[in-house]
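S.K.: Reminder that position 131 of the sequence shown reads as 131 in full-length UniProt numbering, one-by-one numbering, no gaps.
Virtual Cβ for every residue (Gly too), placed ideally from N, Cα, C.
Since the model is a prediction, treat every value here as computed from it, not as a measurement.
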Amino acid sequence: MHKFSQLKLLYNFLIFFILAFTQNVLAQMTVYEKFDAFEKAVLKEDGNTYVVNFWATWCAPCIKELPYFEQLHKDNPKVKVILVSLDSRKDLEKKLIPFVAKKQLTAEVILLSDKDYNAWLDKIDDSWSGAIPATLIISGKRKLFAEREFENFTELNNYVNAFINHN
């Protein structure tokens, strides 16, 4: 009976910890229902360099390259990485938040749930077909868009640094 009580206490502690961590992720994740609000808040011309990666939990190539963006976030102080999930709003609590927690993503994660893609894809880049993964790099008025998957961290980091170092 004593062993059972210890296991029950450990189980309750783990459940509490998981729920507390999930709530912390939820509190940190911003959800944009409409692109216009996302555009005003995220696509800034403030002198910083932003690497904005569009992805989804259901996109295998996106998931494959997420660790490269996470490493970029940690290793490249010249940029701010923003991971923009295009998952459905209804999947926020059951899929997206647990996914972010499981992958231990520390870069900023945003949910853009505006499904009227035809109204906003061209505002990101007029060549974007809507396929993901896709990445937008912004620094002031300069922009570079890539509708492609990066094969490794070095390729991504070199791509970003080439943009930064281009006058």
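In chain order, what residues of the same chain have a beta carbon less than 8 Å from the beta carbon of residue 161, not counting five sequence neighbours either side?
M.R.: Closer than 8 Å at the Cβ level, and outside the excluded window around residue 161, lie 76, 78.
S.K.: In terms of alpha-carbon separation, which member of 45, 73, 86, 147 lies closest to residue 34?
M.R.: Nearest of 45, 73, 86, 147 to residue 34, Cα basis: 86.
S.K.: Please list the terminal residues of the continuous beta strand (DSSP E) segment that includes residue 112.
M.R.: That run of the beta strand (DSSP E) goes 108-112.
S.K.: Identify, in the order they occur along the chain, each residue of the same chain with its Cβ nearer than 6 Å to the Cβ of residue 150, setting aside the five sequence neighbours on each side.
M.R.: Here the set comprises 65, 68, 156.
S.K.: Does residue 148 come out as helix, strand or coil in the three-state DSSP assignment?
M.R.: Correct three-state label for residue 148: coil.
S.K.: Within the same chain, show all residues whose beta-carbon is closer than 7 Å to that of residue 30, passing over the 5 residues directly before and after it, in chain order.
M.R.: Closer than 7 Å at the Cβ level, and outside the excluded window around residue 30, lie 110.
S.K.: Put residue 173 into one of helix, strand or coil per three-state DSSP.
M.R.: Absent from the structure is residue 173, since the part of the chain shown begins at 1 and ends at 167.
S.K.: I'd like the list of long-range same chain contacts for residue 57, defined as Cβ closer than 8 Å, with 5 residues on each side in sequence excluded.
M.R.: Here the set comprises 63, 85, 87, 91, 95, 96, 99.
S.K.: Quick check: the Cα distance between residue 165 and residue 117, rounded to an integer number of angstroms?
M.R.: In a straight line, the C-alpha of residue 165 is about 32 Å away from that of residue 117.
S.K.: Helix, strand or coil: which one does DSSP assign to residue 57?
M.R.: Coil.
S.K.: Leaving out the 5 sequence neighbours to the left and right, which residues in its chain are closer than 6 Å to residue 120 when beta-carbon positions are compared?
M.R.: Excluding positions up to five away in sequence, the list reads 35.
S.K.: Residue 45 and residue 82: beta carbons closer than 7 Å?
M.R.: It is not a contact, given that the beta carbons lie outside the stated cut-off.
S.K.: Who pairs with residue 89 in a beta bridge, going by DSSP?
M.R.: Bridge partners of residue 89: none, in fact.
S.K.: So the candidates are 127, 132, 154; which of them puts its Cα closest to the Cα of residue 143?
M.R.: Among 127, 132, 154, the Cα nearest to that of residue 143 is on 127.
S.K.: Name, in chain order, the residues that DSSP records as bridge partners for residue 137.
M.R.: 51, 144, per the DSSP bridge assignment.
S.K.: Could you tell me which of 134, 43, 71, 74 sits nearest to residue 59, measuring between CA atoms?
M.R.: When only C-alpha atoms are compared, the closest one is 134.
S.K.: Could you tell me the distance, in whole angstroms, from the CA atom of residue 125 to the CA atom of residue 147?
M.R.: For residue 125 and residue 147, the distance between alpha carbons rounds to 10 Å.
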